[in-house]
Amino acid sequence: MHDHDFDTVIIGAGVVGLATAYYLSQQQSVLLIEQHPHMGEETSSRNSEVIHAGIYYPHASLKQRWCLRGKQLLYEFCRRYKVPFHALGKLIVAQPDQMDQLQALYNHGTATGVELQELNQQQLQQLEPCVSAQAALLSPTTGIVDSHTFMQRLEALALQQQAHIQYRCRLIEANAQQQGWTLRLQSGEQSFTLRSRVLINCAGLHAQKVAQRCQLSSERIPTLYPCRGQYFRYHGHSPVSHLVYPLPDANLTGLGIHATVDLSGQLKFGPDVNYQSDLDDYRVDLTAKQQFVSAIKRYLPTLDWSRLQPDYSGIRPKLSDATMPGKDFQVEFSRTDCPAFVHLFGIESPGLTASLAIAESITDWLQGSNEQALLAN
Ligand SMILES: Cc1cc2nc3c(=O)[nH]c(=O)nc-3n(C[C@H](O)[C@H](O)[C@H](O)COP(=O)(O)OP(=O)(O)OC[C@H]3O[C@@H](n4cnc5c(N)ncnc54)[C@H](O)[C@@H]3O)c2cc1C
0 MHDHDFDTVI IGAGVVGLAT AYYLSQQQSV LLIEQHPHMG EETSSRNSEV IHAGIYYPHA
60 SLKQRWCLRG KQLLYEFCRR YKVPFHALGK LIVAQPDQMD QLQALYNHGT ATGVELQELN
120 QQQLQQLEPC VSAQAALLSP TTGIVDSHTF MQRLEALALQ QQAHIQYRCR LIEANAQQQG
180 WTLRLQSGEQ SFTLRSRVLI NCAGLHAQKV AQRCQLSSER IPTLYPCRGQ YFRYHGHSPV
240 SHLVYPLPDA NLTGLGIHAT VDLSGQLKFG PDVNYQSDLD DYRVDLTAKQ QFVSAIKRYL
300 PTLDWSRLQP DYSGIRPKLS DATMPGKDFQ VEFSRTDCPA FVHLFGIESP GLTASLAIAE
360 SITDWLQGSN EQALLAN
């Protein structure tokens with residue numbers, strides 16, 4: 000007779016919760032709960048769908064480690080389970096006054112082990128005749144993925160492995176007891192309790208609130224700085240066949256308003272950077288168009304600007320504001336305090352790329368096969 004209903008309960012069916020359910024359900028009983036009627040309705044379907052190469056992140060950070068490992072796992076997963084993707088490559092372009100920054104990025108990226116090729120103006124022109132810049136870096140391992148199909152595959156595989164997934168179900172409260180967690184959940188009008196040995200918080204923008212409801216001590220809960228990123232779509236033939244990025248913002252607040260070609264060949268630009276307090280304000284402000292035009296003009300000067308129209312936005316669950324140094328992902332976890340828990344905070348970009356690596360690390364740590372798995376080096 001078990002003293003718990005599930006080995007593990009995971010809160011949040013975004014890409015990270017789904018990946019974690021897929022990994023853990025290979026060995027144990029898992030319940031994944033999601034407050035919305037469908038998976039991935041928040042940040043996981045409001046992003047650039049880029050498989051990042053891992054060029055930018057500080058050495059030994061979780062972002063760097065999980066991006067590098069996640070990229071490899073994600074390409075393998077896409078090939079194995081027929082998730083549409085395209086390793087189309089990315090150009091990071093520099094204007095004449097940015098050559099030192101480009102060199103520094105090249106040094107950092109190659110020291111990380113990421114493949115990067117330096118292109119002079121002529122080589123860049125041959126590759127992308129419409130792009131205007133002094134020089135560029137080509138990252139051939141950067142790609143794009145159909146994130147919705149990716150999440151559908153994760154869900155289907157987890158279900159095949161007998162994971163339970165409960166939609167329209169919200170965590171209200173979790174209490175730690177000697178034998179495990181007692182969770183109070185709400186589904187429609189109904190509220191019920193169940194027990195699990197382990198609790199994993201993959202609640203994205205709501206991770207701080209969920210952690211409070213799980214009685215995590217306040218000094219372990221970082222402040223959330225929600226940051227909306229807006230996109231504008233280019234209605235017309237894309238003049239570029241690579242992803243085209245300017246150099247990143249200071250403190251990596253954003254990667255700069257970049258050009259992304261999706262799997263249907265459509266071109267979009269974004270995301271920009273707008274700190275806000277609301278977690279559900281997904282507006283795309285038409286007045287931002289002028290700022291988009293100015294930013295894009297620096298590297299793609301000859302677009303027909305009348306074809307640039309507001310598209311969608313996503314909110315980054317950041318752990319720093321624009322005045323602070325950028326922060327790493329933050330993981331609060333314990334297996335020695337009984338019962339075990341993992342809380343994931345600040346899973347902004349490259350969280351989609353990193354999702355399978357995060358799930359792999361949580362699994363390794365829970366199994367005791369890698370005690371360091373959830374720590375930055
Ligand atoms: C503008 C933008 C662009 C980005 N571009 C990229 C990119 O190109 N490449 C990349 O790798 N990454 C990118 N990212 C980052 C990536 O999208 C995220 O890191 C990733 O989607 C996070 O997934 P998640 O599962 O942690 O969170 P989410 O997708 O937010 O999922 C959390 C889920 O938890 C649920 N939940 C919350 N509270 C509760 C509760 N109490 N009970 C039940 N359910 C609950 C929510 O409803 C939600 O569905 C981008 C992000 C943004 C905002």
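Here numbering that gives the first Met the number 0 is used: the first residue of the sequence shown is 0, the next is one more, and so on.
Just so you know, even glycine gets a beta-carbon here, dropped at the ideal spot from N, CA and C.
DSSP three-state call for residue i: helix, strand or coil?
i	result
Gln25	coil
Glu75	helix
Ala12	coil
Gly313	strand
His96	One detail in the question is off: residue 96 reads as Asp in this sequence, not His. Note: Asp96 maps to helix in three-state DSSP.
Gly108	helix
Leu115	coil
His342	strand
Ser43	helix
Asp6	strand
Phe328	coil
Lys89	strand
Arg306	helix
Met0	Since pLDDT at Met0 reaches only 34, below the 50 mark, its modelled position is unreliable, and no value is offered.
Thr301	coil
Thr181	strand
Gln189	strand
Ile54	coil
Val82	coil
Ser333	strand
Leu318	coil
Val49	strand
Leu123	helix
May I have the straight-line CA-CA distance separating residue i from residue j, to the nearest angstrom?
i	j	result
Met323	Gln160	43 Å
His3	Ala202	22 Å
Met0	Asp6	The predicted model places Met0 with a pLDDT of 34, which falls under 50 and marks its position as unreliable, so this point remains unresolved.
Leu61	Phe328	6 Å
Glu75	Ile10	26 Å
Ala210	Phe344	9 Å
Gln233	Arg169	According to the sequence as given, residue 233 is Tyr; it is not Gln. One C-alpha to the other measures close to 38 Å.
Leu156	Ser44	19 Å
Ile199	Val341	5 Å
Asn376	Arg219	19 Å
Leu23	Tyr298	44 Å
Leu307	Tyr105	31 Å
Thr181	Phe332	18 Å
Ser360	Pro270	29 Å
Gly253	Val272	7 Å
Ala249	Pro57	13 Å
His37	Gln71	27 Å
Asp363	Arg167	30 Å
Gln214	Asn174	7 Å
Gln176	Ser195	10 Å
Arg79	Val144	14 Å
Ser28	Ala20	9 Å
Does the CB of residue i have a neighbour CB from chain D at under 9 Å?
i	result
Gln189	The structure shown has no chain D; it contains just one protein chain.
Taking the beta carbon of residue i as the centre, do at least 16 other beta carbons fall within 10 Å, making it buried, or is it exposed?
i	result
Arg212	buried
Met150	buried
Tyr55	buried
Tyr274	exposed
Glu188	exposed
Ala134	buried
Gly108	buried
Ala12	buried
Lys81	exposed
Gly264	exposed
Pro95	exposed
Ile326	Looking at the sequence shown, residue 326 is not Ile but Lys. Classification of Lys326: buried, given that the 10 Å Cβ count is 16 or more.
Roughly how far, in whole angstroms, is the beta-carbon of residue i from the beta-carbon of residue j, given that I think they are within contact range, below 8 Å?
i	j	result
Tyr230	Ser312	7 Å
Leu242	Val260	7 Å
Leu101	Leu137	Going by Cβ atoms, the distance from Leu101 to Leu137 rounds to 12 Å, so no, they are not a contact pair.
Pro316	Cys66	Not quite, the Cβ-Cβ distance comes to about 17 Å (not below 8 Å), so this is no contact.
Leu31	Gly53	Between Gly53 and Leu31 the Cβ distance is about 28 Å, and since that is not below 8 Å, they are no contact.
Thr141	Gly88	6 Å
Tyr281	Ile91	In fact, because the Cβ distance is near 28 Å, the residues do not count as touching under 8 Å.
Ala18	Leu193	With 8 Å as the limit, Ala18 and Leu193 do not qualify as a contact, their Cβ atoms being about 23 Å apart.
**Request:** Quick one: which unbroken alpha helix (DSSP H) runs of 4-plus residues sit fully inside the region 134–175? Chain order, please.
**Result:** For the alpha helix (DSSP H) assignment, the uninterrupted runs of no fewer than 4 residues enclosed by the region 134–175 are, from N- to C-terminal side, 146–159.
**Asked** Curious, which full-length beta strand (DSSP E) runs of at least 3 residues does the region 194–274 contain?
**Response** Entirely contained in the region 194–274, the beta strand (DSSP E) runs reaching 3 residues are, in chain order, 224–233, 242–244, 257–260 and 266–269.
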